[in-house]
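Notes to accompany the following structure.
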Amino acid sequence: MEFAELIKTPRVDGVVLHRPFMPTVEGTLCLTGHHLILSSRQDNTEELWLLHSNIDSIEKRFVGSLGHITVKCKDLRMIQLEITGMEECLNIASSIEALSTLDSVSLMYPFFYRPMFEVIEDGWNSFLPQNAFKDLESMTDEWRLSEVNKDFSLCPSYPPLVAVPKDVDDETLKKVATFRHGGRFPVLSYYHKKNGMVMMRAGQPLTGTNGRRCKEDEKLINATLRPGKRGYIIDTRAINVAQQAKARGGGFELEANYPQWRRIHKAIERYNVLQESLIKLVEACNDQSHSMDRWLSKLEASNWQTNVKEILTTACLAAQCIDREGASVLVHGTEGTDSTLQVTSLAQIILDPGCRTIKGFQSLVEREWLQAGHPFQQRCAQSAFSNSKPRYEAPVFLLFLDCVWQILRQFPCSFEFNESFLVLLFEHAYASQFGTFLGNSAAERARLCLPEKTVSLWSWVNRPQELERLTNPLYEPNSLVIWPSVAPQSLLLWEGVFLRWNRSSKCLDEAYEEMVHIIEYNKELQTKVNSLRRQLAQLETEDPLLHTP
Amino acid sequence: MEHIRTPKVEQVRLLDRFSNKSIHGTLYLTATHLIFVESNSNNSASAGQEVWILHHHIASVEKLSLTTSGCPLVIQCRNFRVVHFVIQRERDCHDVYSSLLRLLRPVCYDELYAFSYNPKQNDQQREEGWQLIDLGAEFERMGVPCDQWQLTDVNRDYKVCETYPRDLYVPVTASKPIIVGSSKFRSKGRFPVLTYFYQEKKAAVCRCSQPLSGFSARCLEDESMLQAISKANHNSRFLYVMDTRPKLNALANRAAGKGYENEDNYSNIRFQFVGIENIHVMRSSLQKLLEVTGTRSLSMSDYLVGLESSGWLRHIKAVVDAAVFLTRAVTVEGASVLVHCSDGWDRTAQVCALGALLMDPYYRTIKGFMVLIEKDWISFGHKFADRCDQLDGDPKEVSPIFTQFLECVWQLTEQFPQAFEFSEWFLLQIHEHVHSCQYGNFLGNNQRQREELQLRERTHSLWAFLMSEKQNHLNPFYSPAYSEAHPVLEPSTLPYHFKFWRSMYHQFDRSMHPRQSILKTILNLKENSRKAESTLQALESRLQQLGVVPVTTSDPPAPPPTRDQLSNSHSLPPRPDSLILGAPINHKEVQRHEEENEQEEVGEEATESTDTERTVEGSSGTESRKQSYGELEGTYNSDLVKEEPAVVSLEFGVARMTC
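In order, the protein sequence lines correspond to chains A and B.
Numbered per this note's numbering, the first sequence spans residues 11 to 559.
Numbered per this note's numbering, the second sequence spans residues 59 to 717.
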């Protein structure tokens with residue numbers, strides 16, 4: 011096995027593990043190809059199993075011959091290992107470093123992981139585009155599923171099957187693809203059943219400095235408009251950023267060429283700026299100095315909450331155009347793989363009750379993130395602690411989850427899933443035994459043969475015992491559009507992620523359990539009452555005399 | 059009545075504070091309230107929204123300059139409601155304005171609402187209400203008097219200290235001359251007395267005002283007094299003296315002949331500054347906070363910067379830090395602590411009360427919390443009249459000290475969701491009535507004044523009212539077992555544990571709150587369960603009467619670990635009367651309909667922060683929305699609820715969510 015050469019010391023005894031709010035554990039540390047394991051080898055004690063791919067950075071220091079290794083994880087956890095012996099400690103540290111920064115995808119744990127559970131439903135087949143399209147067909151016949159990208163040649167970041175207006179043929183699509191960034195021609199993202207309005211997404215139009223136009227592009231998006239109706243183009247970049255993009259061949263839709271569309275610019279941050287924001291936020295949360303002013307100013311300086319507010323606001327705007335204005339919407343930024351997806355997926359959470367169920371949310375992540383070509387592997391390669399300079403890393407998906415959490419907080423009874431589900435998705439997007447979030451696009455996933463070689467996260471999640479843990483006990487299906495408040499006073503720091511390891515959650519967990527208990531007790535009572543009622547009613551019908559009390 | 063120039067103004071617009079929405083209606087001015095009633099314009103099915111504002115709640119009235127649509131009148135209330143009216147004719151506006159100016163500044167106590175408020179109780183009921191809280195019994199509960207502490211009658215006639223209550227507890231070894239001597243050496247005569255006794259360690263929490271030490275003055279009686287307090291506790295060789303002020307303030311006081319204890323003169327004391335700012339800093343801090351949060355289209359960055367620069371959360375943290383220090387000294391070290399500030403009625407009250415709340419689970423119950431407020435705030439002379447501006451007085455005396463205390467308690471409830479019997483609605487309700495002057499409890503500045511006003515004879519007690527509404531204030535997650543396991547709370551005071559209390563400072567800005575409330579949902583569920591329990595029993599006995607063995611009784615559901623089911627078994631929870639929170643703010647407010655119609659509102663920022671967005675918001679889906687609610691209203695198809703429709707409260711409009 012090729013990992014053996016990276017593991018200089020596979021085993022050290024007498025290692026002490028320190029974790030905040032948990033008892034220290036002394037035991038044996040083992041390094042395997044994919045895990046760091048610490049076990050006290052006693053019954054009934056917890057073992058630590060940490061995926062190397064979850065390790066964001068490590069720091070080592072020595073006090074005499076006692077080495078301290080601080081392991082900082084992508085899920086923002088920090089643990090400390092005390093190892094006696096300088097050589098062992100150095101060996102362990104460099105092995106962890108090497109194992110946690112493996113470059114090759116095919117060496118990742120999902121390719122080695124064998125499920126220890128029975129797969130009831132193979133997650134790789136749970137959300138096929140064909141099936142999603144069948145639902146669409148039941149509502150409208152204005153769309154068709156095109157196979158124009160079946161060999162990923164037209165748009166490498168699109169799936170093989172995409173929904174486009176029925177009247178637009180594949181030849182047109184090919185021309186439009188040359189006019190949009192990354193070949194990302196406008197495709198259907200969401201169909202609003204209530205009024206038949208649609209949301210589309212795309213890459214930026216390649217107008218360049220001389221205002222190139224593409225008749226086919228205009229035809230494609232105009233095909234989604236009702237006669238006499240206008241649509242909205244939501245550009246997720248500030249106007250000046252969009253202007254600057256022209257110099258690099260990009261640009262935006264000019265009014266003259268798209269007279270039926272109104273363009274709105276919103277400023278959603280991207281790339282390094284977001285990564286910086288995450289790093290600063292996590293730094294602020296881990297600053298244990300006791301000054302309130304310092305905390306608030308660091309929180310502000312991180313800009314994280316500002317990003318949350320911007321994204322939510324833009325998503326509300328898109329949802330509003332569709333639901334209240336009765337207009338169709340096209341969303342794009344630059345590539346159309348980041349802020350665009352944040353907006354289109356959040357708008358669906360707001361508009362479509364289906365997306366607020368566990369399965370529906372999985373389907374949304376599958377459609378609007380995985381299939382839609384969000385480059386998970388690049389974006390989630392490093393988290394907040396990494397010392398290496400970020401290249402393509404950005405917490406785009408984490409911000410999306412944060413926004414969902416904000417809506418969940420405001421409508422705690424309208425979601426079938428609870429906070430744990432969102433936290434779980436965050437963890438698995440960054441490090442996982444499952445193949446779901448590997449690769450950057452459908453094309454890459456196909457090349458890696460993930461469905462054949464790895465297990466899907468959904469296979470694991472969609473089992474009764476997991477679902478139970480992720481289900482919101484307060485859930486009552488709510489068929490309405492849910493408009494969140496985006497006032498700064500209404501948006502909170504997502505403690506479940508950012509303060510998760512910095513506070514004791516015991517009291518909150520107990521309160522949550524009490525809540526579950528109250529709800530279950532109520533259900534149980536209702537059932538009993540109903541069954542007695544039935545019994546009594548039956549007796550009464552059998553014997554009419556019983557009616558007299 | 060003679061102050062009301064115009065009792066009724068028609069065609070008034072009420073603007074929403076954070077959006078561009080407005081409603082039309084009529085404004086009425088009565089002797090006690092300003093009332094706005096929405097006209098039943100197009101929607102005859104729903105009664106119009108009503109806004110009732112008690113004159114005492116009005117902090118300021120401002121007439122803005124005339125606009126094309128009329129004359130704007132902005133009213134800021136002490137319960138953080140801000141209303142913005144536009145009155146068509148300037149004359150009317152001016153009349154309302156000048157009437158309000160007079161009405162909101164009562165010059166004598168007799169003008170206060172409490173003296174005319176009549177909740178249809180007879181004298182006996184009223185008297186019982188006042189007897190609900192008995193401080194003598196409370197000290198007995200703590201284990202006082204005991205071999206070390208006794209009741210002294212030295213202040214029977216308010217002769218030694220007129221801002222203290224009559225009944226005071228001091229160490230048995232503190233003789234009258236010592237007490238009197240000590241009182242002469244303390245600001246306003248507020249000598250050290252017992253406020254809480256921690257029985258387990260026999261450690262005492264005492265309170266007083268600053269010593270008149272100046273640069274070098276000493277007082278042997280005062281020194282013996284502290285010695286006596288120290289000696290009353292055998293568990294510790296020393297006594298902590300907590301000066302809750304910043305050191306600089308205490309130093310400055312020395313120049314005025316006041317100051318703090320010199321450790322050299324007092325044997326066995328450990329002196330400690332805590333650094334809570336004074337009333338003036340707190341007042342302007344809250345003012346800054348409200349300015350920031352009242353801004354329309356507030357950006358996240360401005361919000362956080364404003365939150366920081368207001369210093370409000372820093373002050374809240376300082377108070378909690380002090381209480382944690384006090385609690386640790388008493389419960390861990392077993393030492394007695396003497397707490398003071400300048401006069402010993404603001405910061406001292408905050409720290410003593412909060413400390414006791416951390417130490418003693420009793421104070422975390424509804425009744426216990428009332429006792430705590432009665433003891434540390436009302437009886438020990440927190441100047442409610444001055445701090446809450448009950449009469450037209452010195453604006454420099456006004457300060458949100460008690461509000462801060464309530465907020466500290468709220469911050470704790472967030473960290474310990476199972477430790478408190480009451481929910482935040484209870485805190486909000488108390489805050490409401492501290493300012494409403496509707497009940498007698500908080501009138502005046504001290505006990506002596508209250509006796510002169512004959513409040514017990516002439517007004518009603520808030521505690522009796524709150525007790526009768528207990529159902530509304532329960533925290534469904536409260537677990538007495540938790541309190542047994544954790545009698546002493548040890549909160550973390552890391553900065554990120556302190557949050558902005560939206561439910562308080564935006565109480566009336568519905569659009570900012572979660573659209574569904576877990577608290578309310580769970581309260582309703584618990585009530586529902588309670589009813590189901592009795593239905594189940596009735597059904598079982600009916601079936602048994604018929605000689606049938608009920609099918610499901612073989613396995614009766616194990617009731618959850620709830621406490622005091624007895625007290626709850628009789629009635630439905632009265633529906634809280636207003637607000638998204640459901641906090642029963644004022645009985646007369648009717649906002650339910652508004653909520654039914656509007657709950658699907660977008661946060662104001664989402665729709666109106668920029669021009670482009672505003673145009674987008676143009677059309678409205680109101681029609682269809684209403685229909686969809688109509689469909690929803692009847693969808694909760696549990697037999698139980700159908701039988702008892704009162705449970706299906708439609709407060710939030712979204713019927714299913716509240717069930």
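For glycine and all other residues, C-beta sits at the position ideal for the given N, C-alpha and C.
All values derive from a computational prediction rather than experimental measurement.
List the residues of chain B whose Cβ lies closer than 7 Å to the Cβ of A/E226, in chain order. By Cβ distance, chain B contributes nothing, its closest Cβ being about 28 Å from A/E226, past 7 Å.
Which residue wins for smallest C-alpha separation from B/L384, given the options B/S325, B/V299, B/S367, B/Y324? The shortest C-alpha separation from B/L384 is found at B/V299.
Applying the 10 Å Cβ sphere with the 16-neighbour rule, what's the burial state of B/H292? By the 10 Å Cβ count, B/H292 comes out exposed.
Taking all protein chains shown into account, do 16 or more other C-beta atoms lie within 10 angstroms of the C-beta of A/T354, making it buried, or fewer, making it exposed? A residue is called buried when at least 16 other Cβ atoms come within 10 angstroms of its Cβ; A/T354 meets this threshold and is buried.
What residues in the region 488-503 of chain A have a beta carbon less than 8 Å from any beta carbon of chain B? Correct list: N488, S489, L490, V491, I492, W493, P494, S495, V496, A497, P498, Q499, S500, L501, L502, L503.
So, helix, strand or coil for A/L460, using DSSP? A/L460: helix per DSSP, three-state reduction.
Answer with yes or no whether the minimum CB distance from B/I489 to chain A is below 8 Å. Residue identity check: residue 489 of chain B is His in the sequence provided, not Ile. With 8 Å as the cut-off, B/H489 does not count as an interface residue toward chain A.
Under 8 Å between C-beta atoms, does A/L409 make it to chain B? Answer no: the Cβ-Cβ gap between A/L409 and chain B never drops below 8 Å.
B/F460 classed as buried or exposed, judged by whether at least 16 other C-beta atoms fall within 10 angstroms: In this structure B/F460 is buried. Its beta-carbon is surrounded by 16 or more other beta-carbon atoms within 10 angstroms.
Hey, how far is the Cα of B/D452 from the Cα of B/L161? Taking the straight line joining both Cα atoms gives about 17 Å.
Please classify A/L501 as buried or exposed, where buried requires at least 16 other C-beta atoms within 10 Å of its C-beta. Buried.
Determine, using beta carbons only, whether A/I321 comes closer than 8 Å to chain B. Under the Cβ criterion of 8 Å, A/I321 is not counted among the residues facing chain B.
Where do the N-terminal and C-terminal ends of the beta strand (DSSP E) with A/S49 fall, by residue? Judged by DSSP secondary structure, A/S49 falls within the beta strand (DSSP E) whose first and last residues are 45-49.
Answer with buried or exposed for B/L524, where buried requires no fewer than 16 other C-beta atoms within 10 angstroms of its C-beta. Per the 10 Å Cβ criterion, buried.
Chain A beta carbons: is any one of them nearer than 8 Å to that of B/E598? Interface residue, yes.
Which residues in chain A have a C-beta closer than 8 Å to the C-beta of B/N78? List them in chain order. Under a criterion of Cβ atoms nearer than 8 Å, no residue of chain A is adjacent to B/N78; the nearest Cβ is some 15 Å distant.
Looking at the strands, I want to know which residues DSSP matches up with B/F329. DSSP lists B/V299 as the bridge partner or partners of B/F329.
Test: A/A187 CB closer than 8 Å to a CB of chain B: No - not a single Cβ of chain B is within 8 Å of the one on A/A187.
Sequence-distant residues of its chain with Cβ nearer than 6 Å to A/T551 (five each side left out): Result list for A/T551: empty, nothing under 6 Å.
What residues match up with A/I274 in a beta bridge as DSSP calls it? Paired residues: A/I244.
Does B/G83 pass the burial test, meaning 16 or more other C-beta atoms within 10 Å, or should it be called exposed? Here B/G83 is buried. Its C-beta has 16 or more other C-beta atoms within 10 Å.
Could one say the Cβ of A/P33 lies closer than 8 Å to chain B's Cβ atoms, at least one of them? The beta-carbon of A/P33 is placed no less than 8 Å from the nearest beta-carbon of chain B.
Contacts of A/I528 in chain B (Cβ-Cβ under 7 Å): Listed along the chain, the chain B residues whose CB falls inside 7 Å of the CB of A/I528 are P534, I580, L583, K584, P618.
Run down chain A in chain order and give the residues with a C-beta less than 8 Å from the C-beta of B/P608. Result: L542, Q545.
Distance check for A/E345 and A/G383, CA to CA, integer angstroms please. In a straight line, the C-alpha of A/G383 is about 10 Å away from that of A/E345.
Any beta carbon from chain A within less than 8 Å of B/Q330's own beta carbon? Cβ-Cβ to chain A under 8 Å: no for B/Q330.
Going by DSSP, what residue range makes up the beta strand (DSSP E) through B/H398? It spans 394-398 - the beta strand (DSSP E) in which B/H398 sits, taken as one unbroken run.
Under a CB-based cut-off of 8 Å, is A/Q6 close to chain B? The question about residue 6 of chain A has no answer, for chain A in this structure spans 11 to 559.
Just the C-alpha distance for A/A103 and A/Q387, rounded to the nearest angstrom, thanks. Cα to Cα, A/A103 sits roughly 24 Å from A/Q387.
Let me confirm a value: B/R409 is counted as buried when at least 16 other C-beta atoms fall within 10 Å, else exposed. Which label applies? Sequence check: residue 409 of chain B is Val here, not Arg. It is buried - the Cβ of B/V409 has at least 16 other Cβ atoms within 10 Å.
Mind pulling the beta strand (DSSP E) runs of 3 or more residues that sit fully within the region 217-268 of chain B? Whole beta strand (DSSP E) segments, 3+ residues: 226-229, 251-256, 261-266.
Inter-stretch contact at 8 Å, needing at least 3 Cβ pairs: the region 170-180 of chain A / the region 330-338 of chain A: Not touching, per the Cβ criterion.
Taking Cβ to Cβ, would you say B/G333 is nearer than 8 Å to B/V350? Going by C-beta atoms, B/G333 is not nearer than 8 Å to B/V350.
For A/G241 and A/L235, the rounded distance between their alpha carbons: Taking the straight line from one Cα to the other gives about 7 Å.
Run through DSSP, which three-state label would A/C295 get? Residue state, collapsed to three classes: helix.
Where the beta strand (DSSP E) through B/R163 begins and ends: No beta strand (DSSP E) holds B/R163; DSSP gives it neither H nor E.
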